[in-house]
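Q: Counting from 1, one number per residue, gives the positions in the sequence shown under UniProt numbering.
Beta carbons are placed, not taken as given, at the ideal position from N, Cα and C, and that holds for glycine.
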Amino acid sequence: EQNKRLTVDVIKEIKMKVPANEKGEYDLKKQQEIIEKYKIIKEIQNEVEKSRKEISKLVVDIERKRERKREQMKTGGIYLFTVPPKMRIP
1 EQNKRLTVDV
11 IKEIKMKVPA
21 NEKGEYDLKK
31 QQEIIEKYKI
41 IKEIQNEVEK
51 SRKEISKLVV
61 DIERKRERKR
71 EQMKTGGIYL
81 FTVPPKMRIP
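As structure tokens, this is what we get:
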């Protein structure tokens with residue numbers, strides 16, 4: 001089994017790109033732009049997931065309607081049933 005604990009040596013090897021300006025200082029404006037883009041991407045992902053779930057519900061509903069139609073066809077679609085006027089419920 002592999003040891004999954006982070007050690008100082010492992011952490012020292014981690015490299016991360018951080019936006020910097022020409023002077024080598026952190027570019028806070030660029031970082032803020034990246035954050036805003038990330039937020040927009042997350043919102044879009046959430047909307048796509050929400051839409052996917054809605055579409056899934058529609059597919060299930062369509063399948064249920066198809067099943068109901070099949071059931072109706074099985075019981076009444078094969079034979080022609082008529083109810084005499086005297087027996088009709090008002």
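1. Using DSSP bridges, identify the partner residues of TYR26.
2. Just reading off the alpha helix (DSSP H) that LYS12 is part of, what are its end residues?
3. Alpha carbon to alpha carbon, how far is LYS23 from LYS50?
4. Does DSSP classify ARG52 as helix, strand or coil?
5. Counting Cβ pairs closer than 8 Å, one from the region 9-23 and one from the region 36-43, do we hit at least three?
6. Taking the Cβ atom as the reference point for each residue, do ASP9 and PRO19 lie within a distance shorter than 8 Å?
7. Taking 8 Å as the CB-CB limit, is TYR26 close to chain D?
A: According to the data block:
1. ALA20
2. 8-12
3. 44 Å
4. helix
5. no
6. no
7. In the structure shown, chain D does not exist; there is a single protein chain.
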